[in-house]
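Undergrad: Residue 1 is where the sequence shown starts when you use full-length UniProt numbering, and the numbers rise one by one after that.
Virtual Cβ for every residue (Gly too), placed ideally from N, Cα, C.
Let me give you the structure first, and then I'll get to my questions.
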Amino acid sequence: MRIALASALFGLVVVGGAIVVGYVALSQQLDARSSAELRGKRDLLLHVLSEIPSPAAIRDNRHRFGDLLIGHDELHLMLIDPAAGTTLAFSETARLSLAALESTPDDANSMLSWTALAGSRLNAIRGMGRVANGQSIRYYISLDRRHDSRLLAGFINATLIGLPLLLIVIALGAWLIARTSLAPLRRFHRLAASIGAQTLSQRVSTAGLPAELVDLANELNAMLERIDTGYRRLQEFSGDLAHEMRTPVATLLGRTQVALSHTRTVADLQQVLEGNVDELERLSRLISDMLFIARADGQENPMQLETIDLGYEASKIADYLSLVAEDRGVSVEVAGTAPVSADRNLVERAITNLVSNAIRHARAGSVIHVSVKCEAERTLLVVTNLGEGIARAHLERVFDRFYRVDSGRARTDGGTGLGLAIVRSIMTAHGGHVTAQSEPGGETIFKLEFPSIPTDAA
Numbered sequence: 001m002r003i004a005l006a007s008a009l010f011g012l013v014v015v016g017g018a019i020v021v022g023y024v025a026l027s028q029q030l031d032a033r034s035s036a037e038l039r040g041k042r043d044l045l046l047h048v049l050s051e052i053p054s055p056a057a058i059r060d061n062r063h064r065f066g067d068l069l070i071g072h073d074e075l076h077l078m079l080i081d082p083a084a085g086t087t088l089a090f091s092e093t094a095r096l097s098l099a100a101l102e103s104t105p106d107d108a109n110s111m112l113s114w115t116a117l118a119g120s121r122l123n124a125i126r127g128m129g130r131v132a133n134g135q136s137i138r139y140y141i142s143l144d145r146r147h148d149s150r151l152l153a154g155f156i157n158a159t160l161i162g163l164p165l166l167l168i169v170i171a172l173g174a175w176l177i178a179r180t181s182l183a184p185l186r187r188f189h190r191l192a193a194s195i196g197a198q199t200l201s202q203r204v205s206t207a208g209l210p211a212e213l214v215d216l217a218n219e220l221n222a223m224l225e226r227i228d229t230g231y232r233r234l235q236e237f238s239g240d241l242a243h244e245m246r247t248p249v250a251t252l253l254g255r256t257q258v259a260l261s262h263t264r265t266v267a268d269l270q271q272v273l274e275g276n277v278d279e280l281e282r283l284s285r286l287i288s289d290m291l292f293i294a295r296a297d298g299q300e301n302p303m304q305l306e307t308i309d310l311g312y313e314a315s316k317i318a319d320y321l322s323l324v325a326e327d328r329g330v331s332v333e334v335a336g337t338a339p340v341s342a343d344r345n346l347v348e349r350a351i352t353n354l355v356s357n358a359i360r361h362a363r364a365g366s367v368i369h370v371s372v373k374c375e376a377e378r379t380l381l382v383v384t385n386l387g388e389g390i391a392r393a394h395l396e397r398v399f400d401r402f403y404r405v406d407s408g409r410a411r412t413d414g415g416t417g418l419g420l421a422i423v424r425s426i427m428t429a430h431g432g433h434v435t436a437q438s439e440p441g442g443e444t445i446f447k448l449e450f451p452s453i454p455t456d457a458a
């Protein structure tokens, strides 16, 4: 409705301007036609006068002057002999306007305009002509503009009658066009009204949408897809989290209830508390890892980017984990160096998780290789270990939260099932990614891929 009213107002301005321009143009055209007609009659009058021998002969040739006015009731003529001061030929209207004509300054061939007492507009032209013997004759030719005034009045009346109807048509047309054009938006309205937790899979159909709304529909569908994916991941995460927390909580509750069911010695109670501490530490690590992933995914803590050497960071972590590696009967070797722009603490955690995972699953007596190298547009850190390997069915899910290839063994080792998920979150935050390759009974390879530092920045 607002569009229709605005269109009608705009139409009023445009059409009103067109009417004014049309009125002025028509009035000018009528004035030009009147002047041309008067000048044409003047030229004919001068030709007729030149063929008349003397002023006295004008009365005998009145029929010739009457022929000039045949078919032109609005034209009137008056001829005056200035020498004798007598009127030789005239019409009644010319006689009535003679006073007005005589009151104006004498200007040969001048065009005059005035309004008669009756209210009608008149144009006139006056001047001096000569008969055959050379004597001068003053002439007056007047043109009654009543027909032109009626034409202009009719134009105004027609526009006053037609303009409201035209504005109604414009407003109605604009309303229909706007309603038809905005109809596709009702799809978005219906979709928005129907979206809920259980209906996030709905999408806007682009069939029949105008080109201007196709991009909007695609972006809205992409947004719904992201929300749907995030919601499903949140549901999965909540379910996995409840499952993971239920085990240590159930263990703590069961051990405590058993300990309280009978009188226990101090040593027995101490043993129960030591077991509870292990479960609480595992639960604390689980909560800490969950908070870390949530903050990394939400980018709550801005990264402190700096240029670091991946080879140096990997060597430092290998030294830190050397005792753990010795206990497992494996060794860690680091080769290569390359600079990257990254958050040092986050990169150290990602490398620590990968090397710890490799130590935990490496075959006794084997060597874990950590290599760092630069390629055209990326920098790689590759961790390779020899062990049982990961089956292809599990390989694509090892970075999922709480996913374990061997859940029993992971819990025995104190793992939370979030280590590789943390690595993926860290790499995503750095604009890189992590990949895994493995052959059962052979090598398992994890690759961290960072964007390379531009040459000028390096």
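Label Pro440 either buried or exposed according to how many other C-beta atoms from any shown protein chain fall within 10 Å of its C-beta, with 16 as the threshold for buried.
TA: So Pro440 ends up on the exposed side.
Undergrad: Output the distance between the C-alpha atoms of Ser384 and Val423, rounded to the nearest integer angstrom.
TA: Correcting the residue type first, residue 384 is Thr in the shown sequence and not Ser. Cα to Cα, the separation comes out at about 16 Å.
Undergrad: Using the Cα positions of Ile125 and Leu77, report the straight-line distance between them to the nearest angstrom.
TA: The alpha-carbon atoms of Ile125 and Leu77 are separated by roughly 10 Å.
Undergrad: If we call anything under 9 Å between Cβ atoms a contact, is Val370 one with Val332?
TA: For Val370 and Val332, yes; Cβs fall inside 9 Å.
Undergrad: Which word fits Val24, buried or exposed, when buried means at least 16 other C-beta atoms lie within 10 angstroms of its C-beta?
TA: By the neighbour-count rule (16 or more Cβ atoms within 10 Å), Val24 is not buried but exposed.
Undergrad: Are the Cβ atoms of Phe450 and Ala358 separated by less than 9 Å?
TA: No; because the gap between Cβ atoms is not below 9 Å, this pair is not in contact.
Undergrad: Indicate the three-state DSSP secondary structure (helix, strand or coil) for Glu449 in the structure shown.
TA: It is a strand residue.
Undergrad: Evaluate Glu313 with the Cβ neighbour count: other Cβ atoms within 10 Å of its Cβ, from every protein chain shown; 16 or more gives buried, anything less gives exposed.
TA: Burial call: buried.
Undergrad: Please give me, in chain order, every unbroken run of the alpha helix (DSSP H) with length at least 4 that falls completely inside the stretch 332-378.
TA: Runs found: 344-361.
Undergrad: Alpha carbon to alpha carbon, what distance is there between Leu167 and Gly173?
TA: When rounded, the distance between both Cα atoms is 10 Å.
Undergrad: At which residues does the beta strand (DSSP E) containing Gln437 begin and terminate?
TA: His433 to Ser438 is the extent of the beta strand (DSSP E) around Gln437.
Undergrad: Just to confirm, are Leu200 and Asp228 a CB contact at a threshold of 9 Å?
TA: Closer than 9 Å, so yes.
Undergrad: Could you tell me if Tyr320 is buried or exposed, where buried requires 16 or more neighbouring beta carbons within 10 angstroms of its beta carbon?
TA: With fewer than 16 Cβ atoms within 10 Å of its Cβ, Tyr320 is classed as exposed.
Undergrad: Here's the rule I'm using: 16 or more other beta-carbon atoms within 10 Å means buried, otherwise exposed. How should Tyr231 be labelled?
TA: Exposed, by the Cβ-count rule.
Undergrad: Here's the rule I'm using: 16 or more other beta-carbon atoms within 10 Å means buried, otherwise exposed. How should Ser181 be labelled?
TA: By the neighbour-count rule (16 or more Cβ atoms within 10 Å), Ser181 is not buried but exposed.
Undergrad: Relative to the ligand FAD, is the shortest distance from any of its heavy atoms to the C-beta of Arg145 smaller than 8 Å?
TA: Because no ligand of any kind appears in the structure shown, any question about the ligand FAD cannot be addressed here.
Undergrad: Taking DSSP as the reference, what is the three-state secondary structure of Val249?
TA: Looking at Val249 - three-state DSSP - the assignment turns out to be helix.
Undergrad: Could you tell me if Met223 is buried or exposed, where buried requires 16 or more neighbouring beta carbons within 10 angstroms of its beta carbon?
TA: The residue is exposed, with fewer than 16 neighbouring Cβ atoms inside 10 Å.
Undergrad: Would you mind stating whether Ile426 and Leu346 have Cβ atoms separated by less than 9 Å?
TA: Yes. Within cutoff.
Undergrad: Please state if the CB of Ala342 and the CB of His262 are separated by a distance shorter than 9 Å.
TA: No, the pair does not count as a contact, with Cβ atoms beyond the cut-off.
Undergrad: Work out the CA separation of Leu216 and Pro248 for me, nearest whole Å.
TA: Rounded to whole angstroms, Pro248 to Leu216 spans 48 Å at the Cα level.
Undergrad: Spatial neighbours of Gly129 within its chain, please: C-beta separation below 6 Å, excluding the five flanking residues on both sides.
TA: Result list for Gly129: Leu46, Leu49, Ile137 and Tyr139, in chain order.
Undergrad: Any idea if Met290 is buried or exposed, counting beta-carbon neighbours within 10 angstroms, 16 or more meaning buried?
TA: Classification for Met290: buried.
Undergrad: So is Phe65 buried or exposed if we call it buried at 16+ other beta carbons inside 10 Å?
TA: Buried is the call here.
Undergrad: Can you tell me whether Leu448 is buried or exposed, with buried defined as 16 or more other CB within 10 angstroms of its CB?
TA: Per the 10 Å Cβ criterion, buried.
Undergrad: Give me the DSSP bridge partner(s) of Ala325.
TA: In the DSSP output, where bridge partners are listed per residue, Ala325 has none listed.
Undergrad: Can you grab the Cα-Cα spacing for the pair Glu375 / Ser322, in whole Å?
TA: Distance between the alpha carbons of Glu375 and Ser322 is about 29 Å.
Undergrad: Is it buried or exposed for Asp148, if we count other Cβ within 10 angstroms and need 16 for buried?
TA: When all chains shown are included, Asp148 counts as buried.
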